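Read through the structure below, which is laid out as structure tokens, and then see the notes.
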Amino acid sequence: MRLLLLAPALLLAACDRSGTGTTLSINADAGADNGFVATVSNQGEVAISSPVFSGKLKLPKLDMDAEDFDMNGVHLYPGSRITGIDVQSRGNGGDKGDGRVRVSFSSPAAPQKVLGWFQERLNHAGYKVTPQENDLIGTTDDNKPFRMELAPTGEDKARGTILIG
């Protein structure tokens, strides 16, 4: 039930009606008696489903940038925009504590520049990551799997995905 009360606060964070917006999805044990699923589209359309409440509403768009994301003091590359966040309380194995977070973003720099910038800061923050082509592979400071995938999207621009767990 605590997660259900936390969902509205998460959904209201960084709201804005301008720009392209961020997509947010939270899945907290959707099949359990006290689980819920909440999604916010990049247009601010919210859908919540739980055993005690289901509904849809319209909020201002979420518009999240580099400063709205923090991994042990490491934000996204300067000027980056978060395009999507997906939080799963359980991973593919279905065990408690086996959750994952996926963050999609766009950056105003080439993949190799973004990769080098992240590698230096994440290793300093306790992560153990190494480059593999346009990706960073390794573990977080608490030994959870970490992967960042980067791809070019034009001259001096990149699209990335961070997967933790």
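With our numbering, the residue at position 121 of the sequence shown is 113, and numbering never jumps.
For every residue, glycine included, the Cβ atom is placed at its ideal position computed from N, Cα and C.
On a predicted model such as this, the values are computed, not experimentally measured, just so you know.
Contact set for residue i: own chain, Cβ-Cβ below 6 Å, skip 5 residues either direction
i: Gly71; result: Pro100
i: Arg151; result: Ser98, Ala143 and Thr145
i: Glu141; result: Asp127 and Thr153
i: Arg73; result: Asp57 and Ser98
i: Lys105; result: none
Whole-number beta carbon distance between residue j and residue i, since they are thought to touch under 8 Å
i: Ser81; j: Asn19; result: 6 Å
i: Gly76; j: Ala117; result: At roughly 23 Å, the Cβ-Cβ gap does not stay under 8 Å, so Gly76 and Ala117 are not in contact.
Cutoff 8 Å; reference residue i; Cβ partners in own chain excluding five residues on either side
i: Lys120; result: Gly130 and Thr131
i: Lys136; result: Ile156 and Gly157
i: Thr122; result: Gln111, Leu128, Ile129 and Gly130
i: Asn115; result: Val121
Buried versus exposed, by CB contacts within 10 Å (16 or more), residue i
i: Pro103; result: buried
i: Asp133; result: exposed
i: Asp55; result: buried
Selected residue, minimal CA-CA separation from residue i, among the options
i: Asp148; options: Tyr69, Leu114 and Gln124; result: Tyr69
i: Thr153; options: Leu128, Phe138 and Ser96; result: Ser96
i: Phe138; options: Lys105, Lys48, Val29 and Leu155; result: Leu155
i: Gln124; options: Leu107, Gly47 and Ile74; result: Leu107
i: Phe110; options: Met63, Asn135 and Lys136; result: Met63
Chain-order list of residues whose beta-carbon lies under 7 Å from that of residue i (same chain, five-residue window excluded)
i: His67; result: Ala58, Glu59 and Phe61
i: Ser46; result: Ile40
i: Arg113; result: Val66
Unbroken beta strand (DSSP E) runs of length 3 or more, entirely within the stretch 104 to 130: which are they? Within the stretch 104 to 130, the beta strand (DSSP E) runs of at least 3 residues that lie entirely inside it are, in chain order, 120 to 124.
Report the residue ranges of all alpha helix (DSSP H) runs contained in full by the stretch 54 to 86; include only those spanning at least 4 residues, in chain order. Complete alpha helix (DSSP H) runs here, min 4: none at all.
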